[in-house]
Amino acid sequence: MRAFHFSWFCFFTAFFIWFAIAPLLPEISLTLGLNKQQVWTSNICSVAGTIIMRFINGPLCDKYGARILMGVVLAAASIPCACTGLVQNATQLYILRFFIGLGGSTFVMCQYWTSSMFTKEVAGTANAIVGGWGNLGGGVTQLIMGSVLFPLFKAGGMTAEQAWRTVCIVPACVGVLMGFVTIKLSDDCPKGNYSDMKKNGTMAEVSASASFRSGALNLNTWLLFIQYACCFGVELTMNNAAASYFKATFELSTESAAAIASLFGWMNLFARGLGGFLSDKANYRCGMRGRLAFQTLCLVAEGLMVFIFANTKSLGLAIFIMVIFSTFVQAAEGSTFGIVPYVNPPVTGSISGIVGAGGNVGAVCFGLGFRNLDTLHAFYLMASCICVSGVISGMIFIKGHAGLLTGHDSAEVIAAYKKTGAAASTTLQIPQVGTVGAAKLTDDSFHPSPYEEEEA
Numbered sequence: 054m055r056a057f058h059f060s061w062f063c064f065f066t067a068f069f070i071w072f073a074i075a076p077l078l079p080e081i082s083l084t085l086g087l088n089k090q091q092v093w094t095s096n097i098c099s100v101a102g103t104i105i106m107r108f109i110n111g112p113l114c115d116k117y118g119a120r121i122l123m124g125v126v127l128a129a130a131s132i133p134c135a136c137t138g139l140v141q142n143a144t145q146l147y148i149l150r151f152f153i154g155l156g157g158s159t160f161v162m163c164q165y166w167t168s169s170m171f172t173k174e175v176a177g178t179a180n181a182i183v184g185g186w187g188n189l190g191g192g193v194t195q196l197i198m199g200s201v202l203f204p205l206f207k208a209g210g211m212t213a214e215q216a217w218r219t220v221c222i223v224p225a226c227v228g229v230l231m232g233f234v235t236i237k238l239s240d241d242c243p244k245g246n247y248s249d250m251k252k253n254g255t256m257a258e259v260s261a262s263a264s265f266r267s268g269a270l271n272l273n274t275w276l277l278f279i280q281y282a283c284c285f286g287v288e289l290t291m292n293n294a295a296a297s298y299f300k301a302t303f304e305l306s307t308e309s310a311a312a313i314a315s316l317f318g319w320m321n322l323f324a325r326g327l328g329g330f331l332s333d334k335a336n337y338r339c340g341m342r343g344r345l346a347f348q349t350l351c352l353v354a355e356g357l358m359v360f361i362f363a364n365t366k367s368l369g370l371a372i373f374i375m376v377i378f379s380t381f382v383q384a385a386e387g388s389t390f391g392i393v394p395y396v397n398p399p400v401t402g403s404i405s406g407i408v409g410a411g412g413n414v415g416a417v418c419f420g421l422g423f424r425n426l427d428t429l430h431a432f433y434l435m436a437s438c439i440c441v442s443g444v445i446s447g448m449i450f451i452k453g454h455a456g457l458l459t460g461h462d463s464a465e466v467i468a469a470y471k472k473t474g475a476a477a478s479t480t481l482q483i484p485q486v487g488t489v490g491a492a493k494l495t496d497d498s499f500h501p502s503p504y505e506e507e508e509a
């Protein structure tokens, strides 16, 4: 399916642009004379830039679809990435990384796109695979930029400074190309592009403001926001910090530290998809209670792994613990977006945007911890927050579904996840996609549109 593959590869490309600078920071710091606080300020700027954009892109996806937004944001983020070589001081680096970070908002389009293409019963797997393979860009970037392109440019006769000032042109060119190809060759949803459907009268206009308001007024949205802050926010923090941490702690070269740090991102090859898949399986067995239980397990295990990683002094053991730690991080991300499509289906775009922004808010908060505390206590703070976030799964209650500790699934919901009744076929798509007379955008909008009933 073109939309599926465009979705993950565009998000992969966004990571390639977004974290191209991260493995080069040791060299950039030497050239610009940056201290620890300045390096972490630049890391915080890189993840802060996308917070507002994620809030904005959610409602815009509900109104315009994911395809055009994906292409435009990718191309726009490529421009500051190409300008990396012009940086002369810390302030310029902060500004540059802030605008490059806007590309991270493509996550909203990535998740919205697959939520539009796949049924909720398998949305956990679909969203997790595209999100995971996209996040894989964080690990691949560490390897390609730090261990392949950077030494290759130096081998071509450049000094270390000339190499880091030039090498970021590569991800910028890839971003512009992918943005153009995505707009030209893919589709917004199973029925085609939103613009054509609106002209043909097969899709109603959607109010972006009403969509955002409905998503923002749902408490479950903000509980998932906190949990996503404690998994994707952790991943972003590690993408920024891992190479520098291994270089400083174990006295490695830039190339070796980048190669090891890339392992954290490489777990996305399977771990996030596995998290979504197991969330779907838990849903099949136990409904929403199964999804919430698996979410709690992943987050608590993730927090415990951070405590262990922070106290590991052997390089080999640290790498092993980091791989286990990363696996739980990605699995928690996958399970989170296995829950998102159920919260309020008509406004999934807005909810995806808000929850996705939580990841970046988490990265900013954890980044401030690493900026102002010693490394060990920063890890302890992060681990404690993660464990607490796992407990709040007990506060999530979605209409018609059982909670983690109390409540019962409705008969329709049981029929859907057990696939024993016709109800399953009437809850497959996000209601507003390709509909006439779409459901009202309120927290009570949990019924299929007339279009979906006809399709069923």
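If you count the sequence shown from 1, you need to add 53 to reach the working numbering.
Here a beta-carbon is modelled for each residue, glycine too, at the ideal position from N, C-alpha and C.
If you count every other CB in all the chains shown that lies within 10 Å of the CB of residue i, and 16 or more means buried, which is it?
{"i": "Q195", "result": "buried"}
{"i": "E386", "result": "buried"}
{"i": "M106", "result": "buried"}
{"i": "P112", "result": "buried"}
{"i": "S264", "result": "buried"}
{"i": "K366", "result": "exposed"}
{"i": "A128", "result": "buried"}
{"i": "P243", "result": "exposed"}
{"i": "N292", "result": "buried"}
{"i": "Q383", "result": "buried"}
{"i": "L205", "result": "exposed"}
{"i": "R218", "result": "buried"}
{"i": "A476", "result": "Note that A476 has pLDDT 40, beneath the 50 cutoff, so the model's placement of it is unreliable and the number below is only indicative. When all chains shown are included, A476 counts as buried."}
{"i": "N364", "result": "exposed"}
Measuring only the C-alpha atoms, how far is residue i from residue j?
{"i": "L230", "j": "I467", "result": "45 angstroms"}
{"i": "A179", "j": "W166", "result": "10 angstroms"}
{"i": "C284", "j": "G254", "result": "41 angstroms"}
{"i": "G138", "j": "C221", "result": "8 angstroms"}
{"i": "Q485", "j": "A269", "result": "Residue placement at Q485 is poorly supported in this model, since its pLDDT is 41, which falls under 50; the coordinates are not used for a value here."}
{"i": "F362", "j": "E288", "result": "14 angstroms"}
{"i": "I104", "j": "W71", "result": "14 angstroms"}
{"i": "V353", "j": "T389", "result": "14 angstroms"}
{"i": "A295", "j": "S379", "result": "12 angstroms"}
{"i": "S99", "j": "N321", "result": "21 angstroms"}
{"i": "L78", "j": "S297", "result": "8 angstroms"}
{"i": "N271", "j": "D241", "result": "26 angstroms"}
{"i": "L434", "j": "R424", "result": "12 angstroms"}
{"i": "R325", "j": "G185", "result": "5 angstroms"}
{"i": "T479", "j": "V175", "result": "Because the pLDDT of T479 is 40, which lies under 50, any placement of that residue in the model is unreliable, and the question is left without a value."}
{"i": "F347", "j": "A335", "result": "7 angstroms"}
{"i": "G190", "j": "L238", "result": "22 angstroms"}
{"i": "A101", "j": "V414", "result": "7 angstroms"}
{"i": "G456", "j": "I449", "result": "6 angstroms"}
{"i": "L481", "j": "L370", "result": "Residue confidence for L481 is low, a pLDDT of 39 falling below 50, so the modelled location carries little weight; the figure read from the coordinates is stated next. Distance between the alpha carbons of L481 and L370: 45 angstroms."}
{"i": "V376", "j": "M358", "result": "10 angstroms"}
{"i": "Y504", "j": "G245", "result": "Low confidence applies here, because Y504 scores a pLDDT of 29, under 50, leaving its location unreliable; read the following figure in that light. When rounded, the distance between both Cα atoms is 15 angstroms."}
{"i": "I97", "j": "K173", "result": "34 angstroms"}
{"i": "T401", "j": "S267", "result": "10 angstroms"}
{"i": "F323", "j": "P398", "result": "27 angstroms"}
{"i": "K207", "j": "T84", "result": "15 angstroms"}
Considering only their Cβ atoms, is the gap separating residue j from residue i smaller than 7 angstroms?
{"i": "F108", "j": "G412", "result": "no"}
{"i": "F317", "j": "L368", "result": "no"}
{"i": "F65", "j": "P224", "result": "no"}
{"i": "H461", "j": "M341", "result": "no"}
{"i": "G329", "j": "A181", "result": "yes"}
{"i": "S168", "j": "P394", "result": "yes"}
{"i": "I279", "j": "G356", "result": "no"}
{"i": "Y247", "j": "G118", "result": "yes"}
{"i": "M162", "j": "A56", "result": "no"}
{"i": "F419", "j": "T290", "result": "yes"}
{"i": "I451", "j": "N273", "result": "yes"}
{"i": "M198", "j": "A73", "result": "yes"}
{"i": "A431", "j": "F360", "result": "no"}
{"i": "G156", "j": "A135", "result": "no"}
{"i": "A464", "j": "G286", "result": "no"}
Between residue i and residue j, how many whole angstroms is the CB-CB distance? I'm expecting something under 8 angstroms.
{"i": "C63", "j": "T212", "result": "Not really, about 34 angstroms apart at Cβ, beyond 8 angstroms."}
{"i": "G124", "j": "T307", "result": "Not confirmed; about 33 angstroms, so no contact."}
{"i": "Q215", "j": "A143", "result": "In fact, because the Cβ distance is near 20 angstroms, the residues do not count as touching under 8 angstroms."}
{"i": "S332", "j": "G391", "result": "4 angstroms"}
{"i": "L458", "j": "G447", "result": "5 angstroms"}
{"i": "G192", "j": "S315", "result": "4 angstroms"}
{"i": "E258", "j": "K252", "result": "Incorrect: roughly 12 angstroms between the Cβ atoms, too far for contact."}
{"i": "V183", "j": "W61", "result": "4 angstroms"}
{"i": "A311", "j": "P133", "result": "About 22 angstroms; that fails the 8 angstroms criterion."}
{"i": "C351", "j": "F381", "result": "5 angstroms"}
Give a yes or no on whether the minimum CB-CB distance between residue i and chain D is below 7 angstroms.
{"i": "I81", "result": "Looking at the structure shown, chain D is missing, and only one protein chain is on hand."}
Indicate, with yes or no, if the ligand NAP has a heavy atom lying under 6 angstroms from the CB of residue i.
{"i": "M106", "result": "The ligand NAP is not part of this structure, which contains no ligands at all."}
Which whole runs of the alpha helix (DSSP H) in the stretch 208 to 277 are 4 residues long or more, in chain order?
213 to 220, 222 to 238, 247 to 253, 261 to 269
Ranges of the alpha helix (DSSP H) found wholly within the stretch 114 to 185, counting only runs of at least 4:
120 to 135, 143 to 153, 159 to 170
Mind listing, in chain order, the continuous alpha helix (DSSP H) runs of no fewer than 4 residues lying wholly within the stretch 77 to 109?
78 to 85
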